[in-house]
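First residue of the sequence shown? That's 0 in numbering that gives the first Met the number 0, and the numbers climb one at a time after it. Report on the following structure.
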Amino acid sequence: MPNESTTDAGGSTEVREPLWAQLLVCAVFGLVGAGACWLAKVLAKWLVTLPWAPMQGPAELVSSIPEPGLTIGAVASGGLAGLIGGLVVKFGELSVTVSDSRVLLIRGGEPREFARADTAMAFRDGKQLVLLGHGTEELAREDCDQDRRRLADAFTAHGYAWADEDPHGAEFRIWVPESPQLPAQAHALLKARRLLLKQPGAAAELGELRSELQRLDLVVRDRNGSQYWRRLHR
């Protein structure tokens, strides 16, 4: 998806999708929802002609609604549901605003602010935006669909260091349970994290575990279903 960067009067740069692209996504979701409900209406009318077919009750209820009200209602409700789904998706995407004094990340209306003095470097690691502190600790690691080049331009325009890849990527080691390389507390946290990775909606808990691991001077990232770790440079 195309991105654009805008600089406001205060000198901050926001990297985001252009308005037309956001509207296009919402329109596509709306059309898909409308089409799905129209197909459901057609399927319901077909099912009532098959006495042996399942879900006869719901199909008869839907088919009992007179036309053209049934078609209009199905398309309108499906389109509205799809539009709401598109808005939810866009609301959950990461917004990135960079200024000379701070980096502001917003997802789902929740802002996270990082002072320039605390931010040593930024880079994209796969599809994630990562901010590093001066001890190589990860201040933030967020899924980010924004264009890599525009992100790099936004950070470097305000004097932040930018890397094309993780400068410490070669230091990561795959986590092996009970390995003597890590203390027992780290293994306990990584085991808990492994379970949470399988659960939807566990982002807050995963963030807490990431912070706990960094208190043990460890950074963690995920690759192909496995956890990898490295030590901080304090």
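For every residue, glycine included, the Cβ atom is placed at its ideal position computed from N, Cα and C. Predicted model, so just to flag it, every value in this text is computed and none were measured.
*According to DSSP, what are the bridge partners of I105?*
Taking the sequence shown and counting its residues from 1, the one referred to as residue 105 is at position 106. According to DSSP, I105 bridges with S94 and P110.
*Report the three-state DSSP secondary structure of L194 (helix, strand or coil).*
Here residue 194 corresponds to residue number 195 of the sequence shown, with the count starting at 1. If DSSP states are grouped into helix, strand and coil, L194 belongs with the helices.
*If you draw a straight line from the C-alpha of A8 to the C-alpha of S98, how long is it?*
One-based indexing of the sequence shown puts residue 8 at position 9. One-based indexing of the sequence shown puts residue 98 at position 99. Its pLDDT being 47, under 50, A8 is placed unreliably in this model, and the value from its coordinates should be taken loosely. Roughly 11 Å separates the two Cα atoms.
_Can you list, in chain order, the residues of its chain with a C-beta nearer than 6 Å to that of H133? Leave out the 5 residues immediately preceding and following it._
Mapped onto the sequence shown, residue 133 falls at position 134. Within the same chain, H133 has close Cβ partners A119.
_Cβ-based neighbour list, A110, same chain, cut-off 8 Å, excluding 5 preceding and 5 following_ = Taking the sequence shown and counting its residues from 1, one reaches residue 110 at position 111. Rather than Ala, the amino acid found at residue 110 in this sequence is Pro. The answer, listed in chain order, is L103 and L104.
*So, using beta-carbon positions, are G78 and G29 closer together than 7 Å?*
Indexing the sequence shown from 1 puts residue 78 at position 79. Indexing the sequence shown from 1 puts residue 29 at position 30. Closer than 7 Å, so yes.
*Just how far apart, CA to CA, sit L217 and F154?*
Here residue 217 corresponds to residue number 218 of the sequence shown, with the count starting at 1. Here residue 154 corresponds to residue number 155 of the sequence shown, with the count starting at 1. Answer to the nearest angstrom: the Cα atoms are 26 Å apart.
_Within the continuous beta strand (DSSP E) that includes Q213, where are the two ends?_
For this step, residue 213 is matched to residue 214 along the sequence shown. Per DSSP, Q213 belongs to no beta strand (DSSP E); it is in the alpha helix (DSSP H), A202 to R214.
*With DSSP run on the structure shown, which of helix, strand or coil describes F261?*
A question about residue 261 goes unanswered here, because the residues of the chain that appear run from 0 up to 233.
*With DSSP run on the structure shown, which of helix, strand or coil describes E66?*
Sequence index remark: in the sequence shown, residue 66 carries index 67 (1-based). E66: coil per DSSP, three-state reduction.
*Please classify E164: does DSSP put it in a helix, a strand, or coil?*
Along the sequence shown, one-based indexing puts residue 164 at 165. Coil.
*Residue range of the unbroken alpha helix (DSSP H) whose run includes D221*: For this step, residue 221 is matched to residue 222 along the sequence shown. Looking at the DSSP string, D221 is not in any alpha helix (DSSP H); the run it does join, the beta strand (DSSP E), is L217 to R222.
*Rank P50, A58 and R220 by C-alpha distance to the C-alpha of C36 and give the top, closest one.*
Locating residue 36 in the sequence shown gives position 37, counting from the first residue. When each option's Cα is compared against that of C36, the closest is A58.
*Taking D142 as part of the beta strand (DSSP E), name the residues at either end of that continuous run.*
For the purposes of this step, residue 142 is taken as the residue at position 143 of the sequence shown. Where D142 is concerned, the enclosing beta strand (DSSP E) stretches over E137 to D142.
_L150 - containing alpha helix (DSSP H), residue span_ = In the sequence shown, residue 150 corresponds to position 151, counting from 1. Counting along the chain, the alpha helix (DSSP H) containing L150 begins and ends at R147 to A156.
*asked:* Give me the DSSP bridge partner(s) of W37.
replied: Position 38 of the sequence shown, counted from the first residue, corresponds to residue 37. In the DSSP assignment, W37 is bridged to no other residue.
*Give the straight-line distance between the Cα atoms of Q184 and R222, rounded to the nearest whole angstrom.*
On the sequence shown, position 185 is the one that residue 184 refers to. On the sequence shown, position 223 is the one that residue 222 refers to. So the two alpha carbons sit approximately 22 Å from each other.
*Answer yes if the segment 111 to 130 comes into contact with the segment 65 to 80, meaning at least three C-beta pairs across the two stretches below 8 Å, and no otherwise.*
no
*Relative to the alpha-carbon of H167, which residue among S94, R230, L82 and K44 has its alpha-carbon at the smallest distance?*
Translated into the one-based positions of the sequence shown, residue 167 becomes position 168. When the alpha-carbon of H167 is set against those of S94, R230, L82 and K44, the nearest one is in R230.
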